[in-house]
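Undergrad:
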Amino acid sequence: MAYSGRARESYQNELANLRDQGLFKEERYIHAPQGAEIEVEFPTGNPPRKVINMCANNYLGLSSHPEVVAAAHAGLDHRGYGMSSVRFICGTQDIHRELENKLTEFLGTEDTLLFPSCMDANAGVFEAVLSEQDVMIADRLVHASIVDGMRLCKAMQDTFKHSDMGHLEEKLVEHQDKRFRMVITDGVFSMDGDIARLDAIVALAEKHDAMVFVDDSHASGFIGKTGRGTHEHCGVVGRMDVITTTLGKALGGASGGCVSGRRELVEMCRQRARPYLFSNTVAPVIVSGALKVLDLISATTERRDKLETNTVYWRKLLTDAGFDIKPGESPIVPVMLYNAKLAQDVARDLFAEGIYVVGFFFPVVAKGQARIRTQLSAAHEKHHLDAAIAAFVKVGKKYGILGLGKNQIIEKYGL
Ligand SMILES: *Cc1c(COP(=O)(O)O)cnc(C)c1O
Numbered sequence: 514m515a516y517s518g519r520a521r522e523s524y525q526n527e528l529a530n531l532r533d534q535g536l537f538k539e540e541r542y543i544h545a546p547q548g549a550e551i552e553v554e555f556p557t558g559n560p561p562r563k564v565i566n567m568c569a570n571n572y573l574g575l576s577s578h579p580e581v582v583a584a585a586h587a588g589l590d591h592r593g594y595g596m597s598s599v600r601f602i603c604g605t606q607d608i609h610r611e612l613e614n615k616l617t618e619f620l621g622t623e624d625t626l627l628f629p630s631c632m633d634a635n636a637g638v639f640e641a642v643l644s645e646q647d648v649m650i651a652d653r654l655v656h657a658s659i660v661d662g663m664r665l666c667k668a669m670q671d672t673f674k675h676s677d678m679g680h681l682e683e684k685l686v687e688h689q690d691k692r693f694r695m696v697i698t699d700g701v702f703s704m705d706g707d708i709a710r711l712d713a714i715v716a717l718a719e720k721h722d723a724m725v726f727v728d729d730s731h732a733s734g735f736i737g738k739t740g741r742g743t744h745e746h747c748g749v750v751g752r753m754d755v756i757t758t759t760l761g762k763a764l765g766g767a768s769g770g771c772v773s774g775r776r777e778l779v780e781m782c783r784q785r786a787r788p789y790l791f792s793n794t795v796a797p798v799i800v801s802g803a804l805k806v807l808d809l810i811s812a813t814t815e816r817r818d819k820l821e822t823n824t825v826y827w828r829k830l831l832t833d834a835g836f837d838i839k840p841g842e843s844p845i846v847p848v849m850l851y852n853a854k855l856a857q858d859v860a861r862d863l864f865a866e867g868i869y870v871v872g873f874f875f876p877v878v879a880k881g882q883a884r885i886r887t888q889l890s891a892a893h894e895k896h897h898l899d900a901a902i903a904a905f906v907k908v909g910k911k912y913g914i915l916g917l918g919k920n921q922i923i924e925k926y927g928l
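Encoded structure:
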C-alpha cells in the first residue's frame, strides 16, 4: 500500500488544522441556474432555500439569459459537444476564430487568442513573450493567477506598491537596463473593487519604454461607457499591449479566457503558450454562447447601464444605513467588518434572512481586513436590493455595527 497510514495521518492533521483556524472552505450546492435568486443547500444536507444572490460575478445577468442559452443549444446542434483535440492539431472550428475576431473588435486590440480559462491565459502569456533579459513589474495586489504565471516565466520579477504611481516610476527607472519592461496590473481589483489608474500607468510606460499588461476579468463587459473595460474607463483604448480576460464572469459566466493585444504578442502565445498548446480550448457550446453574449452587449449598453444604476443605488443604501463600505464605482462593494469571526457570523445570519453573501478573511484578504464582499448584477431588480438592505440592517442592528467606523468596530470586536 503506497498511501501509507503515515501519509493519511499527515493530510488529516493538515485538514484538521485548517478547520481549527476557521480556514476550511465548504462548498454550497446550488439547485438552480445562476441568477439573482437561487436555491442553495446550506448547510449541506438541508433542503435548498431560495435566497437573493449577492456574491456572483454574473455582472450583466447573462449567465442564464434565454438568448445565450438558445445560442448554446444551437451551437451544440451545429458544432457538436467536444473537440477531442487541442487547437493546433484538430481542435479549432470556424466559430473559435469568429469569437477571437469579435473579442478583438470589442476590446479594441489587434488580435486575440482563446485559452481554456483566464487562469490559463495568465499562466501562458508571460513565458511566451518574455525572457531572462526582461523584467515584470507587477502591482502588489494582482490576482493569484498572474502571480503563478509570473512564476513560470524566466524574466526578473519585481513589484510596485498597490496603485502607487511614484513607486512604479522608480521601478521603471531602476530597470532601464533590461531589454523589455512589462507593467502588470488587474483592471478592477477583486477584493476592494478599486480601479487601476491605467491612464497614469500607460503614460509612465510610454515615458519609460515599457509594455502594459492588464487582467480585466472583473471589468470586461461593463466597466467604461460601452463596457469595453478599464482601458475604456481610463481613456486608453488602443494603447494597451496585453489584455487578458475571462468569459467566466460578466461575459456569460461559463468558462474560457483570452490573451488580446499586440498582433505579435498574441502570435507568440499561439506559437509558445503551453496552456494553449497542450490543453483543449473552450467547447463549441460555450463559444456559441459567448458569440451571442458579445452580440448582445455590442448592440446595447442597457445591461451595463442597469448594473451601474444598481451599483449607485446599493452603495447609497449601505452608506445611508451606516455600514462601513469601501468607496468606489465598481459593482464590487465590500462591507468592512475587520474581524474574521464577525464576517462569518454576519454572513451566516444574512443567509438565514434570505441573502446569500460570503465572508472573506485571511488569507484571501490581509489580516484584520475581513469583510463581506457584495456584488451587483444587472439581473437584480430594485426589490431585490430593497429586500437585501432590510436584511443587512436587521443583522447590522443585532451586532450593533451600524454607524460605526473602522476603529469603533475593531474596538468592539477586536481583530
Ligand atoms: C476570475 C479571475 C481569473 C480567473 O478566470 P478563469 O477564467 O475563471 O480562470 C483571472 N484573473 C482575475 C483577475 C480574475 O478575477
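Note that the sequence shown covers residues 514 to 928 in our numbering.
Think of the CB as a built atom: it goes at the ideal place given N, C-alpha and C, for glycine as much as any other residue.
Run the CB neighbour count on Glu613, radius 10 Å, all protein chains shown included, and call it buried at 16 or more, exposed below.
TA: For this step, residue 613 is matched to residue 100 along the sequence shown. Classification of Glu613: buried, given that the 10 Å Cβ count is 16 or more.
Undergrad: Ignore the nearest five residues each way along the sequence and tell me which others in Val931's own chain have a CB closer than 7 Å to its CB.
TA: The structure shown does not extend to residue 931, since the chain is modelled only from 514 to 928, so the question has no answer here.
Undergrad: Between the region 755-766 and the region 725-742, are three or more C-beta pairs nearer than 8 Å?
TA: The answer is yes - the region 725-742 touches the region 755-766, with three or more Cβ pairs under 8 Å.
Undergrad: By the 10 Å Cβ neighbour count, where 16 or more other Cβ atoms means buried, how is Thr824 classified, buried or exposed?
TA: For the purposes of this step, residue 824 is taken as residue 311 along the sequence shown, with counting starting at 1. By the neighbour-count rule (16 or more Cβ atoms within 10 Å), Thr824 is buried.
Undergrad: DSSP three-state call for Met678: helix, strand or coil?
TA: Position 165 of the sequence shown, counted from the start, is the residue given in the question as residue 678. The answer is helix: DSSP assigns Met678 an H, G or I state.
Undergrad: Determine the burial state of Thr832: buried for a count of at least 16 other Cβ atoms within 10 Å of its Cβ, exposed for fewer.
TA: Start at 1 with the first residue of the sequence shown, and residue 832 comes out as number 319. So Thr832 counts as exposed.
Undergrad: Under the assumption that Leu898 contacts Tyr826 (Cβ atoms under 8 Å), give the Cβ distance between them as a whole number of angstroms.
TA: Along the sequence shown, read from residue 1 onward, the residue named residue 898 stands at position 385. Along the sequence shown, read from residue 1 onward, the residue named residue 826 stands at position 313. Right, their Cβ atoms sit about 6 Å apart.
Undergrad: Rounding to the nearest angstrom, what Cα-Cα distance links Gly588 and Val564 in this structure?
TA: The residue labelled residue 588 in the question sits at position 75 within the sequence shown. The residue labelled residue 564 in the question sits at position 51 within the sequence shown. Taking the straight line joining both Cα atoms gives about 32 Å.
Undergrad: Could you give the DSSP three-state label for Gly518: helix, strand or coil?
TA: Translated into the one-based positions of the sequence shown, residue 518 becomes position 5. DSSP places Gly518 in helix when its eight states are reduced to three.
Undergrad: Have a look at the DSSP bridge pairing and note the partners of Lys907.
TA: Against the sequence shown, residue 907 aligns to sequence position 394. Per DSSP, none; premise fails for Lys907.
Undergrad: Check whether the region 576-593 and the region 775-782 are in contact - that is, three or more C-beta pairs closer than 8 Å.
TA: Flag = no, the region 576-593 and the region 775-782 do not touch.
Undergrad: What residue ranges within the region 622-692 form continuous beta strand (DSSP E) runs of no fewer than 3 residues, ordered along the chain?
TA: Entirely contained in the region 622-692, the beta strand (DSSP E) runs reaching 3 residues are, in chain order, 624-628, 648-652 and 669-673.
Undergrad: Could you compute how far the alpha carbon of Gln857 sits from the alpha carbon of Tyr912?
TA: Residue numbering aside, residue 857 sits at position 344 when the sequence shown is read from its first letter. Residue numbering aside, residue 912 sits at position 399 when the sequence shown is read from its first letter. Approximately 12 Å between the Cα atoms of the pair.
Undergrad: Ligand 1 heavy atoms versus the CB of Ser658: any closer than 6 Å?
TA: For the purposes of this step, residue 658 is identified with residue 145 of the sequence shown, where counting begins at 1. Ser658: yes, Cβ under 6 Å from ligand 1.
Undergrad: For Phe693, which of Val553, His896 and Phe639 has the nearest alpha-carbon?
TA: Start at 1 with the first residue of the sequence shown, and residue 693 comes out as number 180. Answer by Cα proximity: Phe639.
Undergrad: Are there 16 or more other CB atoms within 10 angstroms of the CB of Pro579, so buried, or fewer, so exposed?
TA: Along the sequence shown, one-based indexing puts residue 579 at 66. Classification for Pro579: exposed.
Undergrad: Please work out which residues of its chain come closer than 8 Å, Cβ to Cβ, to Ser598, disregarding the five sequence neighbours upstream and downstream, and give them in chain order.
TA: Mapped onto the sequence shown, residue 598 falls at position 85. If we look at Ser598 and ignore the five residues flanking it on each side, its Cβ neighbours are Gly604 and Asn793.
Undergrad: In whole angstroms, what is the alpha-carbon distance linking Asp677 and Asp652?
TA: Walking along the sequence shown from the start, residue 677 turns up at place 164. Walking along the sequence shown from the start, residue 652 turns up at place 139. The alpha-carbon atoms of Asp677 and Asp652 are separated by roughly 8 Å.
Undergrad: If I measure Cβ to Cβ from Gly662 and keep anything under 6 Å in the same chain, skipping five residues before and after, which residues do I get?
TA: Counting from one through the sequence shown, the residue named residue 662 turns up at place 149. If we look at Gly662 and ignore the five residues flanking it on each side, its Cβ neighbours are Asn635, Ala636 and Phe639.
Undergrad: Taking 6 Å as the cut-off, is the CB of Gly918 close to at least one heavy atom of ligand 1?
TA: As a position in the sequence shown, residue 918 is number 405, starting the count at 1. Answer for Gly918: no, Cβ out of range of ligand 1.
Undergrad: What do you get for Lys819, buried or exposed, if any count of 16 or more other CB atoms within 10 angstroms of its CB means buried?
TA: By 1-based counting over the sequence shown, the position of residue 819 is 306. Buried: at least 16 other Cβ atoms inside 10 Å.
Undergrad: Which residues does DSSP list as the beta-bridge partners of Ala883?
TA: As a first step, residue 883 must be located in the sequence shown, where it is residue number 370. Per DSSP, Tyr851.
Undergrad: Would you mind giving the Cβ-Cβ distance between Gln888 and Met567, rounded to the nearest angstrom? I have them listed as a contact below 8 Å.
TA: For the purposes of this step, residue 888 is taken as residue 375 along the sequence shown, with counting starting at 1. For the purposes of this step, residue 567 is taken as residue 54 along the sequence shown, with counting starting at 1. Contact holds; Cβ gap of about 6 Å.
Undergrad: Does the separation of the CB atoms of Val906 and Ala834 fall below 7 Å?
TA: Residue numbering aside, residue 906 sits at position 393 when the sequence shown is read from its first letter. Residue numbering aside, residue 834 sits at position 321 when the sequence shown is read from its first letter. The answer is yes: Cβ separation under 7 Å.
Undergrad: Along the chain, where does the beta strand (DSSP E) that runs through Met724 open and close?
TA: On the sequence shown, residue 724 is found 211 positions in, with the first residue counted as 1. Looking at the DSSP string, the run of the beta strand (DSSP E) that includes Met724 is Met724 to Asp728.
Undergrad: Closest by CA to Ala641, which one among Leu627, Lys538 and Leu665?
TA: Here residue 641 refers to the residue found at position 128 of the sequence shown. Answer by Cα proximity: Leu665.
Undergrad: Under a three-way DSSP split, which group does Gln606 fall into?
TA: Taking the sequence shown and counting its residues from 1, the one referred to as residue 606 is at position 93. Three-state result, Gln606: coil.
Undergrad: Could you check which residue in Ser801, Lys805 and Leu850 has the C-alpha nearest to that of Gln882?
TA: The residue labelled residue 882 in the question sits at position 369 within the sequence shown. The candidate whose alpha carbon is nearest that of Gln882 is Leu850.
Undergrad: Keeping to the same chain, check which residues put their C-beta closer than 7 Å to that of Lys805; ignore five residues upstream and five downstream.
TA: The residue you call residue 805 lines up with position 292 of the sequence shown. Excluding residues within five positions, the ones whose Cβ falls inside 7 Å are Glu580, Val581 and Ala584.
Undergrad: Which residue from Gln547, Arg541, Ser576 and Leu573 puts its Cα closest to that of Asn559?
TA: Along the sequence shown, one-based indexing puts residue 559 at 46. Of Gln547, Arg541, Ser576 and Leu573, the residue nearest in Cα terms is Arg541.
Undergrad: Taking buried to mean at least 16 other C-beta atoms within 10 Å of its own C-beta, is Glu745 buried or exposed?
TA: Residue 745 sits at position 232 when you count from the first residue of the sequence shown. So Glu745 counts as buried.
Undergrad: For Leu643, collect the residues of the same chain with a Cβ closer than 7 Å to its Cβ; drop the 5 residues on either side in sequence, then sort them by chain order.
TA: Translated into positions along the sequence shown, residue 643 becomes position 130. Hits under 7 Å: Met649, Cys666, Ala668, Phe693 and Met695.
Undergrad: Closer than 6 Å to a non-hydrogen atom of ligand 1 - does that hold for the CB of Ser733?
TA: Against the sequence shown, residue 733 aligns to sequence position 220. No; taking the cut-off as 6 Å, the Cβ of Ser733 has no heavy atom of ligand 1 nearer than that.
Undergrad: If you draw a straight line from the C-alpha of Ser703 to the C-alpha of Ala853, how long is it?
TA: As a first step, residue 703 is located in the sequence shown; it is residue number 190 there, counting from the start. As a first step, residue 853 is located in the sequence shown; it is residue number 340 there, counting from the start. Roughly 18 Å separates the two Cα atoms.
Undergrad: Give the range of the alpha helix (DSSP H) segment to which Met781 is assigned.
TA: Counting from 1 along the sequence shown, the entry for residue 781 is found at position 268. Per DSSP, Met781 belongs to the alpha helix (DSSP H) from Arg776 to Arg785.
Undergrad: Tell me, to the nearest whole angstrom, how far the beta carbon of Gly770 is from that of Asp633; I am working on the premise that it is less than 8 Å.
TA: The sequence position of residue 770 within the sequence shown is 257, counting from 1. The sequence position of residue 633 within the sequence shown is 120, counting from 1. The Cβ separation is near 6 Å, so the contact holds.
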